[in-house]
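These protein sequence lines map, in sequence, to chains D and F.
Once you know that position 31 of the first sequence is 31 in the working numbering, the rest is easy, because the numbers rise by one and skip nothing.
Once you know that position 7 of the second sequence is 158 in the working numbering, the rest is easy, because the numbers rise by one and skip nothing.
Backbone N, C-alpha and C fix where the C-beta goes; we use that ideal spot for every residue, glycine too.
These notes are about the structure you will find just below.
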Amino acid sequence: MIASLFPLGWAHYLAGGLIIGLGVALLYVTTGRLAGMSSVFSSSWSFVSQRPFFQQPRWLESRVWRLQMALGLVAGAALWWLLLGPTQALDTQVPAWRLLLGGVVAGYGARLSGGCTSGHGICGMGSLKLPSLLAVGVFMATGFLTAQVLA
Amino acid sequence: MNHENAHRANASALATIGAGALFGFGLALSGMVRPEVVLSFLRFQDWGLMLVMGGALVVTLAVYQGLARRQGAPLLGGGFEAHGARMQRDTFVGAALFGVGWGLSGVCPGPAIAGLGTGNLDMLWVLAGLAIGAGLHGWRQPAAAEAQAG
């Protein structure tokens, strides 16, 4: 039963999730900030675009820490690679067009929705927000459909 | 420049980078930086992602709803940010699109960033896509549109 649900084992999934939660918790307890990761893709546009949407205070005030957080993400994953990862760099068999097009659609959608797997899935549900819970149900459903149709 | 403010800005930067590092380490350890693992979840072949999200959510709930409430204010000053999720059409249209993109690539925003730390340069495709998508979104918004947290 367990082996059929988790063919690659389960412990690393749970441990990884708990550590992600610790990161979200540390950010909140120290700075009061929510760890949604899609916003950095909006806030960083404020460095180069004068469009009024990107020049809103909410992006100007958060753009530096959001990049700090992104830097931390890269550093943390690099630490895993050095300590526990394979010798070779990770790669993927997913074709480039799916990575790029998927990124465009997910980026637009996450910003329209106001969150992604972390913004709605972890921070929103952690804040007991009903719209976030429903948003997670919606993106899981369209994610299942898309991945299965394109399998 | 006031010394106390400078200290607080440094402490905030350290805490933010440290929190990001935990987040990124967890994403890598859990395999979420591998598109194949995410796609196998979306195809019902491996339920690991439920454990990742469940584990992260349990800790977040305990801290957002328990520890932080007791604490009253963030340790480094300021207030706790309120989550801006709203019951409106955009929240769900956007989520539906997000899922389609996620199912196409097997990558969401956090793992796209963290993936770079594992040497996976294919993630640059996703990062470029996410930046283009967020740019298109902002381009289409009136300035006054209130974007939400996330």
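Query	Result
Segment limits, alpha helix (DSSP H) that includes E61 of chain D	P57 to L83
Span separating the alpha-carbon of Y28 of chain D from that of A219 of chain F	8 Å
Interface partners of R237 of chain F on chain D, CB under 8 Å	G114 and P131
Coil, strand or helix - N271 of chain F by DSSP	coil
At least three beta-carbon pairs within less than 8 Å, the stretch 83 to 100 of chain D to the stretch 177 to 197 of chain F	yes
Given G36 of chain D as reference, the closest of D:P52, D:L73, D:W10 and D:L5 once Cα atoms are compared	D:L73
I2 of chain D classed as buried or exposed, judged by whether at least 16 other C-beta atoms fall within 10 angstroms	exposed
Helix, strand or coil at L90 of chain D according to DSSP, with G and I counted as helix	coil
Presumed contact (8 Å Cβ cut-off) between A166 of chain F and L26 of chain D, rounded CB distance	7 Å
CB contact check: R33 of chain D to chain F, cutoff 9 Å	yes
Secondary structure of G230 of chain F, DSSP reduced to three states	coil
Chain F residues whose Cβ lies nearer than 7 Å to that of R51 of chain D	G289 and W290
Cβ neighbour criterion (16 or more within 10 Å) applied to F47 of chain D	exposed
Span of the alpha helix (DSSP H) around L150 of chain D	Here L150 of chain D belongs to no alpha helix (DSSP H), and DSSP marks it neither H nor E.
Residue nearest to M140 of chain D in terms of C-alpha spacing, selected from F:S181, F:F174, F:A213 and F:F243	F:F243
Alpha helix (DSSP H) segment containing N161 of chain F, residue limits	H154 to L180
For F47 of chain D, the three-state DSSP class (helix, strand or coil)	helix
Proximal chain D residues relative to N271 of chain F, where beta-carbon distance stays under 8 Å	A89, L90, D91 and T92
Coil, strand or helix - C123 of chain D by DSSP	helix
F41 of chain D versus F:V251, F:L212 and F:C259, residue with shortest Cα-Cα distance	F:C259
Within chain D, the residues that M194 of chain F reaches when beta carbons sit closer than 7 Å	Checking the sequence, you will find Arg at residue 194 of chain F rather than Met. Ordered by position in chain D, the residues that pass the 7 Å Cβ test against R194 of chain F are A147, Q148 and A151.
Residue range of the alpha helix (DSSP H) that includes L101 of chain D	A96 to S113
For F195 of chain F, the first and last residue of its enclosing alpha helix (DSSP H)	Segment: none, F195 of chain F is in no alpha helix (DSSP H) and carries neither H nor E.
Proximal chain F residues relative to F6 of chain D, where beta-carbon distance stays under 7 Å	D197, W198 and G199
Simplified DSSP state of Q292 of chain F, which is helix, strand or coil	coil
Cutoff 9 Å: F139 of chain D Cβ touching any chain F Cβ	yes
CB contact flag (G254 of chain F, T142 of chain D, <9 Å)	yes
Inter-residue Cα distance where the pair is A263 of chain F and L227 of chain F	29 Å
7 Å Cβ shell around W65 of chain D - same chain, five flanking residues per side excluded	R33
Simplified DSSP state of F6 of chain D, which is helix, strand or coil	coil
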